[in-house]
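A.B. asks: Below is one structure. I have some questions about it.
Residue numbers (the numbering used here), protein chains in the order written: chain A, 78 to 985; chain B, 21 to 117.
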């Protein structure tokens, strides 16, 4: 354990009125004070009140000067949005403090508090400072009088969908933008991370959906289809990109080998940095596997063409029919760096007799012919596809569309081991593809050099092999001859890196050897990405890797140290169970059924199978998003902020320091009215708490006027139920809260001022008007017409129109059970101890009194002193108090702390 | 009046992002009270209160003046509120956003 960095004379924990008063008193005495507040503003609960009793002074008008004085006092360092992790008393009598500053994701120096980030934000969350009466935004300023008046962003972590994307596409951000109808903004957000949104919206396997928290309920949000709507809308409105080459050009040039998803992505990001980028493509058209490997019924070629324009608009030159055979030659041509993204386009061979026959082809050759529109007549023919991956499904389905009478897939393992996606298998099966599992051809039979049949054997599964899958073992005597007209081999693809072997270090399987973090190859100026590095994977994996390789290449050309720093700054992923736990009563929102062309009709057509969502559907689908991470990372705040203050890559900052003394001013908790279920709070919208009523009456209220939460009607008959959650053994709190009678009386008077025609009734056990001017304040309320009814409310029922029937016992000498109807009921909830105060200390425990408040062993003659020498308590952390008493108590605690510091200085 | 809401408050508030376009479209045709909006939207009026008050907070709409004799305020688009580029039909998607 270290000795701690900075030293302060006194640590004040809590920035409410007691904490501020303590800090100011000590600061004025000349002591150095560290004030730590866990909320993003100092001010506590007092600043949220409408007025104070009995003077009816504006609470804000009293609080805000103290807040400003605290924040600006030269002797006080006020840290907001900061949590104390532990306080340890040391042998010398001082204290070691560990704390962490929670990230606000907004630079507090740059932020001017203008609020434009709030207006732009696309995520609505309950506003805790309005006690959930209205929504705020994930980007927000706590309230208008906040000190500091700076924005912050609520982020719980990365949303699972965004975290799952290998390309770093912010799926949550896209969904939240689409939910708001900001389709173009969603498209632009996608383009920040991946330049091929059209292809990904069609052909991505959507790992984001697999991780969607809603998937644990009715089914995941269909993120890919939402993206497709966004892309289609944008491309419809923008046939050409809205941008051209970047204004800032660099002198260096980069050669990118391959124009598949990896090559295009790398070219995009490098060109955006200003490099001159040339893409070399061996085929006659750009797109790599997107063009040649994916049939148009899954990825229409016009969508790919438009995606490619996103890249070429930046000035990228794509040279087709240009196979690169030497990396060094590229260097000789003047390129400063090379990025290899050639994919895995070399077909594997079985080595079976007859494989050389005409009519036995590899899947890429077959699909290339199909996708380039070459004439292939399979009318009435039988086609066998060999393999079990996704690369086997596409040629099988394409063969059906070319007229094949029968298409069968032979796979040497069982269905369970098949690597192809389930939905692809089922779609193929629905179209009529026949699957033969545990079968594989051993030789191909031909006549006049052309295949006419396969000789296949049945298999059984043995022990798992190096891939973890069970090894297929031929079954003796199971030979079967199957007549075929065409065989398509889909048995593995290898990177086409053989020509580079003399220049570049390759793995045994032909993959390019790279540093896995930087994707730099054995030649410093050559980087590699995609299937050339990882073997056959997916489009989105290749895009993600290419983006990383481009990032490293840029650093290399900048002469910077290569590494992962600065590339992936995602927050840790949020816990899905925690997300579900914070929304316990979600409505059932079923996913929309995916619509596809009917299997019978589509099997003979290359028309796109999957139907798009309509706009109303897409908004509905987006509305199913649970906003798992809080902020969606849509970056609208970044765009809106005129001060460029948003900084989404902030992290918590830990600090260790020492202090001479500690004042605990952690305040109180309010009784949770849900725990009094007979009163209907949370079920009946017009049953609210007194804190909510105080917000409704404050100048910075959540509503424009005092209206009912059920329907926006001005209430004209309002009731207060005192002692809700206090003086009540049933809820475990027998203490009087000391302030409920008076704050209810205050609110009653304010209501009568705001709504002169309203009737106000206060149901009470007895009125405790014990302070200076309180009795007069109570009498004043009665004189204004507030109706005080001595009676205990048993339960509240909702009646027609949202009004409420109170059932109460008359506790006067008249007695009896009575009923009364009101159209708004305020529960005057009690004050409870804040148990957080007791968790601050490690080692010597801070003692509590029998009710859970911080114990003052000699409260009467030694106020503020606690069970730990050198630790003092101020305000409601030790008992329910009104504001004047809290301030007095803070003065006592401050003097006690000063005395302790002096005694330590003097060695006593 | 529409049925009271039993939905999670956070879920209701999230829906503002979808429903606000429909509310905007409705009050563009003339000021409406919250019960009128609830009826037109097919949502419980307590949920509409959440959305209308958030829209007021962020400057999309304002009450027209004092409450009427029936105790209800009527809401109109604020003068600062820009005309959306997207014309959203107020009638679509009854019952769900």
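The beta carbon of each residue, even a glycine, is placed where N, CA and C say it ideally should be. What you are looking at is a predicted structure, and each value in this text was computed from that prediction instead of being measured.
Using 8 Å as the limit for Cβ to Cβ distance, is residue 248(A) near chain B?
C.D. replies: Judged by the 8 Å Cβ criterion, residue 248(A) is not in contact with chain B.
A.B. asks: Chain B partners of residue 257(A), CB-CB under 9 Å?
C.D. replies: Neighbours of residue 257(A) on chain B, chain order: 37, 38, 40 and 41.
A.B. asks: For residue 875(A), which residues does DSSP report across the bridge?
C.D. replies: Paired residues: 881(A).
A.B. asks: According to the Cβ coordinates, are residue 125(A) and residue 814(A) closer than 8 Å?
C.D. replies: For residue 125(A) and residue 814(A), no; Cβs fall outside 8 Å.
A.B. asks: Nearest-angstrom Cα distance between residue 934(A) and residue 132(A)?
C.D. replies: Each residue's Cα considered, the two are about 33 Å apart.
A.B. asks: May I ask you to report which of helix, strand or coil DSSP gives residue 769(A)?
C.D. replies: The answer is helix: DSSP assigns residue 769(A) an H, G or I state.
A.B. asks: Please name the residue or residues paired with residue 810(A) in a DSSP beta bridge.
C.D. replies: DSSP lists 805(A) as partners of residue 810(A).
A.B. asks: In the DSSP output, which residue or residues are listed as bridge partners for residue 177(A)?
C.D. replies: Looking at the DSSP assignment, residue 177(A) forms a beta bridge with 160(A) and 731(A).
A.B. asks: From residue 471(A) to residue 371(A), what distance separates their C-alpha atoms?
C.D. replies: Looking at the two C-alpha atoms, the distance is approximately 7 Å.
A.B. asks: If residue 322(A) and residue 391(A) are in contact, beta carbons under 8 Å, what's the gap, nearest whole angstrom?
C.D. replies: Residue 322(A) to residue 391(A), Cβ: 6 Å. Contact.
A.B. asks: From residue 753(A) to residue 866(A), what distance separates their C-alpha atoms?
C.D. replies: In a straight line, the C-alpha of residue 753(A) is about 20 Å away from that of residue 866(A).
A.B. asks: Can you pull the chain A neighbours of residue 31(B), defined as C-beta to C-beta under 7 Å?
C.D. replies: Residues of chain A passing the Cβ test: 660, 663 and 664.
A.B. asks: Go to residue 521(A), then tell me how far its beta strand (DSSP E) extends in each direction, as first and last residue.
C.D. replies: Element bounds for residue 521(A): 516-524.
A.B. asks: Using a Cβ-Cβ cutoff of 7 Å, what residues of the stretch 693-719 of chain A are near chain B? List them in chain order.
C.D. replies: The residues in question are 693, 696, 697, 700 and 704.
A.B. asks: Tell me which residues share the same chain as residue 467(A) and place their Cβ nearer than 8 Å to its Cβ, disregarding the 5 neighbours each side in the sequence.
C.D. replies: Same-chain partners within the cutoff: 496, 497, 498 and 501.
A.B. asks: Which of the three DSSP states is assigned to residue 440(A) in this structure?
C.D. replies: It is helical.
A.B. asks: Report the residue from 625(A), 903(A), 660(A) and 864(A) whose alpha carbon sits nearest the alpha carbon of residue 773(A).
C.D. replies: The candidate whose alpha carbon is nearest that of residue 773(A) is 903(A).
A.B. asks: Counting only Cβ pairs nearer than 8 Å, list the residues of chain A close to residue 51(B).
C.D. replies: Near residue 51(B) there are no residues of chain A at all, since even the closest Cβ is about 13 Å away, more than 8 Å.
A.B. asks: Applying the criterion that 16 or more other CB atoms from any shown protein chain within 10 Å of the CB defines a buried residue, is residue 592(A) buried or exposed?
C.D. replies: Exposed: under 16 other Cβ atoms inside 10 Å.
A.B. asks: Show which residues of chain A have a CB atom less than 9 Å away from the CB atom of residue 65(B).
C.D. replies: 762, 787, 788, 789 and 879, listed in chain order.
A.B. asks: Count the other CB atoms, across all protein chains shown, that sit within 10 Å of the CB of residue 558(A); report buried if there are 16 or more and exposed otherwise.
C.D. replies: Residue 558(A) should be labelled exposed.
A.B. asks: Buried or exposed: where does residue 899(A) fall if 16 or more other Cβ atoms within 10 Å of its Cβ makes it buried?
C.D. replies: Buried, by the Cβ-count rule.
A.B. asks: Under three-state DSSP, which class holds residue 648(A)?
C.D. replies: If DSSP states are grouped into helix, strand and coil, residue 648(A) belongs with coil.
A.B. asks: Strictly below 7 Å CB to CB, what residues from chain B border residue 202(A)?
C.D. replies: Here the neighbours are 30 and 33.
A.B. asks: Less than 8 Å between the beta carbons of residue 855(A) and residue 822(A), yes or no?
C.D. replies: Closer than 8 Å, so yes.
A.B. asks: With burial defined as no fewer than 16 other Cβ atoms inside 10 Å of the residue's Cβ, what is the status of residue 186(A): buried or exposed?
C.D. replies: The residue in question, residue 186(A), is exposed, as its Cβ has fewer than 16 Cβ neighbours within 10 Å.
A.B. asks: Would you report the Cα separation of residue 142(A) and residue 785(A), rounded to the nearest angstrom?
C.D. replies: Approximately 33 Å between the Cα atoms of the pair.
A.B. asks: When the Cα of residue 908(A) is compared with those of 857(A), 750(A) and 770(A), which residue comes out closest?
C.D. replies: Answer by Cα proximity: 750(A).
A.B. asks: Using a beta-carbon distance below 8 Å, is residue 388(A) in contact with chain B?
C.D. replies: Closer than 8 Å: no.
A.B. asks: With DSSP as the reference, identify every bridge partner of residue 897(A), one or two as the case may be.
C.D. replies: Partner(s): 883(A).
A.B. asks: Near residue 628(A), which residues of its chain fall below 6 Å by C-beta distance, leaving aside the five closest residues on each side in sequence?
C.D. replies: So the qualifying residues of the chain are 644.
A.B. asks: For chain B, is any of its Cβ atoms less than 8 Å away from the one on residue 295(A)?
C.D. replies: For residue 295(A), the answer is no, since every Cβ of chain B falls outside 8 Å of its Cβ.
A.B. asks: Counting only beta-carbon atoms, is residue 885(A) nearer than 8 Å to chain B?
C.D. replies: No, because no Cβ of chain B sits closer than 8 Å to the Cβ of residue 885(A).
A.B. asks: Could you give the residue range of the beta strand (DSSP E) that holds residue 535(A)?
C.D. replies: Per DSSP, residue 535(A) belongs to the beta strand (DSSP E) from 527-541.
A.B. asks: Residues in its own chain within less than 6 Å of residue 339(A) by CB, not counting five upstream and five downstream?
C.D. replies: Cβ neighbours of residue 339(A) beyond the five flanking positions: 418, 606, 607, 619 and 623.
A.B. asks: Residue 951(A) to residue 658(A), Cα distance in whole Å?
C.D. replies: Cα-Cα distance, rounded: 35 Å.
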